[in-house]
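Protein chains: 2
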Amino acid sequence: MASLTEENYLKLIYHLSGPGYEEVSTNALAEQTQTKAASVTDMLRKLAEKNLIHYKKYQGVRLTEEGQQEALKVIRRHRLWEVFMVEKLGFRWDEVHPIAEELEHIASEELINRLDAFLDFPESDPHGDPIPTASGRMPSAEYEKLAEVPVQQEVIMMGVSEHTAPFLQFLSKSGLIPGSLVQVLEVNEFDRSMTIQINEAHPSFVSYEVARNILVQTKV
Amino acid sequence: MASLTEENYLKLIYHLSGPGYEEVSTNALAEQTQTKAASVTDMLRKLAEKNLIHYKKYQGVRLTEEGQQEALKVIRRHRLWEVFMVEKLGFRWDEVHPIAEELEHIASEELINRLDAFLDFPESDPHGDPIPTASGRMPSAEYEKLAEVPVQQEVIMMGVSEHTAPFLQFLSKSGLIPGSLVQVLEVNEFDRSMTIQINEAHPSFVSYEVARNILVQTKV
DNA sequence: ATAAAAATTTAGGGCACCCTAAAAAAATGT
DNA sequence: ACATTTTTTTAGGGTGCCCTAAATTTTTAT
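Protein chains in written order, with the numbering used here: chain R, -8 to 211; chain U, -8 to 211.
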């Protein structure tokens, strides 16, 4: 029903509206879609006609329930294909995003549900992001930022909130991958950088910029 | 480089030009693409500009070497995804074609070569059609039609030359799937129908229309 | 409160891929 | 051989998604 371009808009609106489902601005969409604001306005009018978004001129945009379900389907497909590529085909976690951007538009529900089963119903993708269920619910992953963990605390690395290839490659090189045991040894008050220990290895140093993009869970 | 629509044209020209690489007519393409002849002419002009086809007005069309390589890439992807869906996801052979029509346009060579390895470098798809190699060669499968096998001869079912779901479903129901051992028990001279035995089972009856769409190999 | 700046929409147009109608070329039948 | 039929191309136009330029609304700053 929704075209490839429409699906990309819905997914983007979902991501940009954040946990509070705030209104998304035309300019924010133009920036992320690599298009101009005028083109975004065109598309918003179309999505509104299809009842996929709530749209009042000059007022920003929110997904309707229907639009959100569409967005979650696309995100589910994206993340399942990422799991497939890493777990079954041996890709690294920093390589799979661009290919999943294409695979996510293959619509067959049968395909995606069988893939889900083949992968043993994973709950999160290789970056730690939760996978929406077949029934259209996004599991809420309540992680905290490594940057906010107090000294001495031990945590488990669960995922990232920044998905660029260079960042992911840097983490791999440091041994910081989902599942790692991390202990905060020292926090530098001045620039909020940290010294941490990863899986019993030698202490490592991470900047605040890095630490705030790493999601962790307090050790159970 | 080639758009989704262009890829579909190249694949279609490949299939319609047959083993002898004969010229394909505008009307034949219009019929198969579910479009009108005028639209086909538009596209042919575009493909010729990109050096993917040899095209002289009113003279029909052939693939260039470059165009054939593109077509073989698409066919390779299509057939590998079909193997994946049947072997790994448990689809039936009559279900996978429409989904593979979408998956075949995901261009990543890395993806497809890793998929190839994951599937153990299959030589043919679930319908017995050969899978082009990564280097762009179509393995020649020299099978004969079941319809041409003499009485008493034992053969192995290798594939089909008709890929519609109803035909494939009929074959499954009869136990006629690639790998089956088939012996021709009797041929009816009048309508060329056959009585055959499949894998030691009770004798079955197949019409000429069915027998000429089943590809077999003489038992080794 | 209102002028200036920023954000957004409208107007008008381009390219890819499709259409119908009409013209042109090729194939066919006598 | 040539009139008729069939095939193919050209002409002109439509929709989806993008653009620039100009107009409009909202926000910000004084």
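Yeah, the Cβ is synthetic: ideal placement off N, Cα and C, and Gly gets one too.
Proximity to residue i [Cα-Cα], best of the options
i      : options                           : result
R:Q143 : R:Q174, R:Q160, R:P169 and R:D116 : R:Q174
R:I189 : R:D182, R:F181 and R:V207         : R:V207
U:P123 : U:N42, U:E200, U:D182 and U:N104  : U:N104
U:A108 : U:K210, U:L71 and U:K41           : U:L71
U:S99  : R:S99, R:L94, R:A98 and R:P10     : R:L94
R:F75  : R:V65, R:V87 and R:I66            : R:V87
R:M185 : R:E191, R:A192 and R:F196         : R:F196
R:I66  : R:H6, R:K41, R:R83 and R:K164     : R:H6
R:P169 : R:L102, R:N204, R:R53 and R:S198  : R:N204
R:A125 : R:P113, R:G119 and R:G150         : R:P113
U:V211 : U:E139, U:L172 and U:N179         : U:L172
R:T55  : R:G119, R:S8 and R:R183           : R:S8
U:M129 : U:L137, U:K41, U:E92 and U:S115   : U:S115
R:Y134 : R:E92, R:G127 and R:S152          : R:S152
R:H154 : R:P141, R:Y49 and R:W84           : R:W84
R:L106 : U:E139, U:K41, U:R68 and U:F82    : U:F82
U:E73  : U:I4, U:E145, U:L137 and U:G119   : U:G119
R:L80  : U:E101, U:G150 and U:R68          : U:E101
R:Y199 : R:L137, R:G127, R:L3 and R:K48    : R:L137
As assigned by DSSP and simplified to three states, the class of residue i
i      : result
U:L41  : The question names Leu, yet the displayed sequence has Lys at residue 41 of chain U. Three-state result, U:K41: coil.
R:F109 : helix
R:T209 : strand
R:K2   : helix
U:S195 : strand
U:V140 : coil
R:E13  : coil
U:E114 : coil
U:E133 : coil
Alpha-carbon spacing of residue i relative to residue j, whole angstroms
i       : j       : result
R:Q23   : R:D33   : 16 Å
R:S30   : R:Y0    : 12 Å
R:E78   : U:D111  : 16 Å
U:L63   : U:K27   : 25 Å
R:H45   : R:R36   : 10 Å
U:L167  : U:G11   : 29 Å
U:G51   : U:S(-6) : 22 Å
U:M148  : U:T209  : 9 Å
R:L38   : R:L20   : 13 Å
U:Q59   : U:L43   : 8 Å
R:E(-2) : R:I90   : 16 Å
R:V201  : R:S163  : 13 Å
U:A192  : U:H96   : 41 Å
R:P117  : U:L176  : 57 Å
U:F181  : U:V140  : 16 Å
U:E14   : U:R53   : 5 Å
U:N18   : U:P194  : 43 Å
U:E259  : R:I4    : As displayed, chain U neither begins before -8 nor continues past 211, which places residue 259 of chain U out of reach and without an answer.
R:G150  : R:S16   : 28 Å
* Any residues in the region 92 to 115 of chain R with a beta carbon nearer than 7 Å to a beta carbon of chain U? Which ones, in chain order? -> Answer in chain order: E93, L94, I97, S99, L102, R105, L106 and F109.
* Got a sec: which bits of the region 51 to 68 of chain U sit with their beta carbon under 7 Å from any beta carbon on chain R, in order along the chain? -> Against chain R - using a Cβ distance shorter than 7 Å - the region 51 to 68 of chain U contributes no residues.
* **Whole runs of the beta strand (DSSP E) within the region 45 to 94 of chain U, excluding any shorter than 3 residues** => Fully enclosed beta strand (DSSP E) runs of 3 or longer: 52 to 54.
* To do: Go through the region 142 to 191 of chain U residue by residue and report every complete run of the alpha helix (DSSP H) that reaches 4 residues or more, in order.
  => Scanning the region 142 to 191 of chain U for uninterrupted alpha helix (DSSP H) segments of 4 residues or longer gives 156 to 165, listed from N- to C-terminal end.
* **Interface residues of the region 68 to 82 of chain R facing chain U [CB-CB below 8 Å]** => Residues of the region 68 to 82 of chain R with a C-beta atom less than 8 Å from some C-beta of chain U are M76, K79, L80, G81 and F82, listed in chain order.
* Asked: What residues in the region 177 to 200 of chain R have a beta carbon less than 7 Å from any beta carbon of chain U?
  -> Correct list: empty, as no residue qualifies.
* To do: Please list the residues of the region 144 to 164 of chain U that have a C-beta atom closer than 7 Å to any C-beta atom in chain R, keeping them in chain order.
  => Listed in sequence order: no entries.
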